[in-house]
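Taking it in order: structure first as C-alpha cells, then the write-up.
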Amino acid sequence: MLDYPRFYPDQVIPPDRFGDRTEHLRQIEYTLRAIQEGRPRGAMICGERGIGKTSLLNKAESMCLERKILPLHIALHEFEEVREFYDTIFEEVGSALKSIGLWEKFRVAVGEFEKGWDYVVRLQKRPRTLQAEVHERLSLLLDKMTRRGHQSLVFFLDESDGLKAHVTGLQILRNVWTSLTQSGHRLGFFFAGSENLVESLGRYSPLKRHCIPVHLKRFKMLECVEVMAKLEEGAAHKLTPLVRSRIAELSGGYPHYLHVLGSHAVEAMKKGEQDVWAEAFKSYLFETNAYEAVITRAAHVSETQQRILAHMDFLGPTTPKNIAQESGVSQDTIPAQLQRLIQAGIVRKAGRGKYEIADRDLAEYIRISLGGKSA
Ligand SMILES: Nc1ncnc2c1ncn2[C@@H]1O[C@H](COP(=O)(O)OP(=O)(O)OP(=O)(O)O)[C@@H](O)[C@H]1O
Ligand SMILES: [Mg+2]
Numbered sequence: 048m049l050d051y052p053r054f055y056p057d058q059v060i061p062p063d064r065f066g067d068r069t070e071h072l073r074q075i076e077y078t079l080r081a082i083q084e085g086r087p088r089g090a091m092i093c094g095e096r097g098i099g100k101t102s103l104l105n106k107a108e109s110m111c112l113e114r115k116i117l118p119l120h121i122a123l124h125e126f127e128e129v130r131e132f133y134d135t136i137f138e139e140v141g142s143a144l145k146s147i148g149l150w151e152k153f154r155v156a157v158g159e160f161e162k163g164w165d166y167v168v169r170l171q172k173r174p175r176t177l178q179a180e181v182h183e184r185l186s187l188l189l190d191k192m193t194r195r196g197h198q199s200l201v202f203f204l205d206e207s208d209g210l211k212a213h214v215t216g217l218q219i220l221r222n223v224w225t226s227l228t229q230s231g232h233r234l235g236f237f238f239a240g241s242e243n244l245v246e247s248l249g250r251y252s253p254l255k256r257h258c259i260p261v262h263l264k265r266f267k268m269l270e271c272v273e274v275m276a277k278l279e280e281g282a283a284h285k286l287t288p289l290v291r292s293r294i295a296e297l298s299g300g301y302p303h304y305l306h307v308l309g310s311h312a313v314e315a316m317k318k319g320e321q322d323v324w325a326e327a328f329k330s331y332l333f334e335t336n337a338y339e340a341v342i343t344r345a346a347h348v349s350e351t352q353q354r355i356l357a358h359m360d361f362l363g364p365t366t367p368k369n370i371a372q373e374s375g376v377s378q379d380t381i382p383a384q385l386q387r388l389i390q391a392g393i394v395r396k397a398g399r400g401k402y403e404i405a406d407r408d409l410a411e412y413i414r415i416s417l418g419g420k421s422a
C-alpha cells in the first residue's frame, strides 16, 4: 500500500511533527534554563485562534521531560471562583504526587530505595488561607520531586484568558511563586491565550515581570513549505513542489489551513485524482464557503478584475468591448487585467480577441457576492 503524507486537521500537532517556530523555541529553551537555575520565570504564549498555541505548549512540555523538569498541563476553561482555579491545580498536583509515589513503590520493589519512606500525602485539614494552602501543597510536591530526582516543576496553563478576572488568584500565584523560588525551589509557569493575554494578565498583577511574551504569528510562505516537508517525512508518495507551494499560498500562512488543505489534497490523491490542485482544494473550499475569499486572495484578484469577471458572458466567449459596456470598466485597461486573470488560471483565451471564464465556480461566487444574479 502506498504511504501518503499525513496532515493533522483539527488536531493539536504532535511534538515530533512540530514545524518551524525556531525563534519561539529558542525563547522557550531560554525560559526553561532560567527556571532550572532557580529564577521565577515563565512565558505568555499568545496569538489568534488556531495559530498553534496548544501545539507549542505541548512541544515545550516534551522539552521539559528531556531536561528532567516535571510538566503539569492544565486547560483552564471558564471558572467562577478563584477556588475552582486552585482546585484544578490541586487535582493536578495530587495526581502528580500519586504518580511519583507509584514510581517510588516500583523502585522500592526493585530494591533501589530503603523502606520506610513516606509515600502518602497527608494534608492538614485545619482551615487556613488559600495562599497558605497553595503554598503548602506546591512545596510538598516540590520537596518530593527534588528528593526523587526531578529538579524543576513547570505549570502549563492553556486557555488562560479567564484568569484575568481573578486578580486575587493571580496575586496568590505570584506570591507563592516568588516565595517558593526564594526558598530554593525551581518553579515556572507557562500561560497560553488570546492575543491580548500579555496585556490582560500583566495589567492586573505583576506576573508580567516574570514572564516573557511569545507572540505566535502566521507562517511565512517559505516556512509553510518547510512545515509541509516535515509532515510528509517518511511518505513514499509525496506532494509535488507545485502542489505544496499552492497549499502554502492558499493557506495564507495559517497553520490550520495547511492541514485542512493538505489532507484534502491527499484524499483526492488516494482516489486517483490527477489534478489534485483543482479538485481537492475546490471541494474543500466549497464545503467551507471559503472558495471565493481564498482563491481571490491567492490569485490576487483585484476589485476591478472581480467586476470584469462578474460581467463576462457566462455561457460563451466575450470581447473586451462587451465587457467594458457591461461592467463600466474602461476598455483600455481590460486586456491587461484579462492577461492577469489568464495567468491565475481564471480566464482563458478563446480565439482572436475573445476571452472566456475558465474557473466557473469562482466566477459564480463573485457574481453572487457582487449582488448579481446567479447564472
Ligand atoms: N508548528 C506547527 N506545525 C505544524 N502544524 C501546526 C503547528 N502549530 C499548529 N499547527 C496546526 O494548527 C492547528 C491549530 O493548532 P493548535 O490547536 O495548537 O492552535 P491553538 O492556537 O491552540 O488553537 P485554539 O485557539 O483553538 O486553542 C492544528 O491543526 C495544528 O496541527
Ligand atoms: Mg489551543
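Residues in the sequence shown are numbered from 48 upward in steps of one, following the numbering used here.
Don't be surprised by glycine CBs; every beta carbon is placed ideally from N, CA and C.
Where does the unbroken beta strand (DSSP E) through residue i begin, and where does it stop?
i           : result
residue 205 : 199-205
residue 262 : 258-262
residue 359 : Taken as a continuous stretch (DSSP letters only), residue 359 belongs to no beta strand (DSSP E), as it is neither H nor E.
residue 234 : 234-240
residue 395 : 394-396
residue 98  : Where residue 98 is concerned, there is no enclosing beta strand (DSSP E), given that its DSSP letter is neither H nor E.
residue 332 : Premise fails: residue 332 lies in the alpha helix (DSSP H), 323-334, not in any beta strand (DSSP E).
Should residue i be labelled buried (16 or more other beta-carbon atoms within 10 Å of its own) or exposed?
i           : result
residue 214 : exposed
residue 302 : buried
residue 352 : buried
residue 367 : buried
residue 347 : exposed
residue 71  : buried
residue 382 : exposed
residue 406 : buried
residue 99  : buried
residue 105 : buried
residue 171 : Interpretation of residue 171 is limited by its pLDDT of 41, a score under 50 that renders its predicted location unreliable; the figure taken from the coordinates is listed afterwards. Classification for residue 171: exposed.
residue 52  : buried
residue 414 : buried
residue 410 : buried
residue 338 : buried
residue 417 : exposed
residue 327 : buried
residue 78  : buried
residue 349 : exposed
residue 298 : buried
residue 163 : Confidence at residue 163 is low in this model, with a pLDDT of 36, below 50, so the placement of that residue should be treated as unreliable; the coordinate-derived value is given next. The residue is exposed, with fewer than 16 neighbouring Cβ atoms inside 10 Å.
Just to confirm before moving on: does the CB-CB distance between residue i and residue j stay below 8 Å?
i           : j           : result
residue 117 : residue 197 : yes
residue 108 : residue 120 : yes
residue 123 : residue 207 : yes
residue 274 : residue 63  : no
residue 260 : residue 245 : yes
residue 85  : residue 235 : no
residue 280 : residue 286 : no
residue 201 : residue 258 : no
residue 205 : residue 101 : yes
residue 129 : residue 177 : yes
residue 210 : residue 248 : yes
residue 319 : residue 266 : no
residue 221 : residue 254 : yes
residue 310 : residue 61  : no
residue 343 : residue 401 : no
residue 93  : residue 242 : yes
residue 103 : residue 144 : no
residue 376 : residue 385 : no
CB-CB under 8 Å to residue i, same chain, minus the five flanking residues each way: which ones, in chain order?
i           : result
residue 226 : 182
residue 369 : 360
residue 333 : 408
residue 231 : 85
residue 224 : 87, 234, 236, 257
residue 325 : none
residue 135 : 121, 123, 126
Who are the near neighbours of residue i in its chain, counting only those whose CB is closer than 7 Å to its CB and skipping five residues on each side?
i           : result
residue 373 : 358
residue 363 : 403
residue 58  : none
residue 323 : 290, 312, 315, 316
residue 240 : 93, 206, 207, 208
residue 65  : 102, 106
residue 219 : 177, 178, 181
residue 307 : 56, 331
State the start and end residues of the unbroken alpha helix (DSSP H) segment that holds residue i.
i           : result
residue 403 : It is not in any alpha helix (DSSP H) - residue 403 instead sits in the beta strand (DSSP E) that spans 402-404.
residue 221 : 214-229
residue 182 : 177-194
residue 73  : 69-83
residue 294 : 288-298
residue 269 : 268-279
Identify, in the order they occur along the chain, each residue of the same chain with its Cβ nearer than 6 Å to the Cβ of residue i, setting aside the five sequence neighbours on each side.
i           : result
residue 330 : none
residue 216 : 129, 132
residue 238 : 91, 204, 207
residue 199 : 82, 83, 116, 233
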